[in-house]
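Take a look at the structure below.
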Amino acid sequence: MSNELQEANTFRVNISFKGDTLERLADPMQEYFLYAFKAVRAPALRGQPTVWFRTNNFSEPMSVSWTPEYQAYVSNDEIMGGATIGASGEAPIRIEQTWQVNSVGQGPVVNEGRAGAISILNTATRAWPASGLKQGAKSQLAASGGQAFDEDTGPLCAFGLNGLNLNVMLPVEKVLLMFATGQVDTGTVIFKAFAPGLMIDMTGANLREVQFDLDKAWDWGNESWGEQFPANEDLAPILITP
C-alpha cells in the first residue's frame with residue numbers, strides 16, 4: 105500500500121457502555137474524562153508518551169476516529185512527569201520525509217528520510233529539550249445521533265534532540281484509551297497509567313468495537329488486537345517501542 109493511501113485511511117474505535125456506566129461517567133461531580141495516547145516506534149527508547157487528547161463529551165454509543173496525518177514539532181519545554189509540552193515550532197510532514205529544523209524552530213521539509221518513518225534533523229548546534237510528532241488533523245469524536253465535535257489534540261510523544269542530531273520515529277496505529285477522573289491537559293508527559301487502559305491495535309482493520317464498565321474496566325472479547333493494562337503501569341514501555 106502506498107504512503108498516500110495509508111495516510112488517507114480513517115480509523116475508528118466504537119465504545120459502548122455496560123450498566124449505569126455512562127450515567128456515572130457523565131456525573132459532573134465525578135469529573136471523568138476519556139484520555140487517549142498513541143504509540144510510536146523509535147530506535148532510541150529515551151522518549152516519553154504524552155496525552156494525545158481528552159474529552160468529557162460522553163454518549164451512547166461513542167466513537168473515536170482519526171486520520172493519520174502528522175506534524176513534526178520541537179519544543180523548549182523540558183520532558184518531566186506532569187509537564188505540558190507545547191510546540192515552539194512545527195511543520196506538516198509525511199512518512200519518509202525529514203524536517204530540517206533550525207535554532208528557532210523553522211526549516212524545510214524534504215523528501216528524504218528513513219523508509220516508513222518520519223525524521224527530524226536538528227541543523228543547529230543547540231539542543232531542543234523536546235521533539236516528536238503531533239496529529240496533523242483534529243480527532244473527530246462522534247456523539248450518538250451522528251453529532252460530531254472536535255477536541256484539541258496534543259503531541260503523541262516527546263524525545264530530546266541534541267544539536268546536529270537526528271530523531272527517527274515511526275507512527276503506529278495503536279491507541280491506548282482510559283477513563284479517569286481529574287483534568288490532565290493534552291500534551292502532558294505521563295509516566296504511569298492513572299486508570300485501567302486498553303491498548304487497541306488497528307493493524308489490518310479500520311474499526312474496532314469495545315465495551316467499558318466503570319467497575320470491571322474493558323471488554324474486547326479477548327481478541328488478540330487488544331491488551332488491558334492496570335492503573336499505575338509504566339506507560340513508556342507500552343507506547344514507545346523499538
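Residue 125 in the numbering used here sits at position 21 of the sequence shown; the count goes up by one each step and never skips. Heads up, the beta-carbon is just placed ideally off N, CA and C, and yes, glycines get one too. Please read all numbers here as calculations on a predicted model, not as lab measurements.
> Comparing alpha-carbon positions, which option in 295, 287, 303, 263 lies nearest residue 277?
Replying inline: Comparing alpha carbon positions, the residue from 295, 287, 303, 263 closest to residue 277 is 303.
> How would you call residue 194, buried or exposed, if buried means at least 16 neighbouring beta carbons within 10 angstroms?
Replying inline: Flag for residue 194 reads buried.
> From residue 330 to residue 280, what distance separates their C-alpha atoms?
Replying inline: A straight line joining the alpha-carbon of residue 330 with that of residue 280 spans about 10 Å.
> Span of the beta strand (DSSP E) holding residue 183?
Replying inline: Element bounds for residue 183: n/a, residue is neither H nor E.
>> Could you compute how far the alpha carbon of residue 45 sits from the alpha carbon of residue 299?
In response: Within the shown structure, residues of the chain are numbered from 105 to 346, placing residue 45 beyond reach of any answer.
> Taking the alpha-carbon positions, what's the residue 137 to residue 227 distance?
Replying inline: Roughly 39 Å between the two C-alpha positions.
> Of the choices 294, 220, 182, 190, whose alpha-carbon is the least far from that of residue 200?
Replying inline: The shortest Cα separation from residue 200 among 294, 220, 182, 190 belongs to 220.
>> Just verifying my parser: in three-state terms, what is the DSSP assignment at residue 218?
In response: Looking at residue 218 - three-state DSSP - the assignment turns out to be coil, as it is neither helix nor strand.
> In or out: residue 110 buried (at least 16 other Cβ within 10 Å) or exposed?
Replying inline: Its pLDDT being 42, under 50, residue 110 is placed unreliably in this model, and the value from its coordinates should be taken loosely. The residue is exposed, with fewer than 16 neighbouring Cβ atoms inside 10 Å.
> To which residues does DSSP link residue 296 through a beta bridge?
Replying inline: 338.
> What does a CB cutoff of less than 8 Å around residue 118 pick up in its chain, not counting 5 residues either side in sequence?
Replying inline: Contacts found: 165, 166, 167, 311, 312, 313, 314.
> Roughly how many angstroms lie between the CA atoms of residue 305 and residue 222, to the nearest whole one?
Replying inline: Using only the alpha carbons, I get a separation of about 20 Å.
>> Count Cβ pairs between the region 230 to 239 and the region 118 to 134 that sit closer than 8 Å; are there 3 or more?
In response: Remark: fewer than three beta-carbon pairs, one from each stretch, lie closer than 8 Å, so the region 230 to 239 and the region 118 to 134 are not flagged as touching.
>> Short of 6 Å in beta carbon distance, which residues of its chain neighbour residue 203, apart from the five on each side in sequence? Order them along the chain.
In response: Cβ within range, chain order: 176, 195, 197, 213, 224.
> Quick one, which of 146, 173, 217 has its alpha-carbon nearest residue 342's?
Replying inline: Closest by alpha carbon: 146.
>> Please report the distance separating the alpha-carbon of residue 292 from that of residue 209.
In response: Approximately 20 Å between the Cα atoms of the pair.
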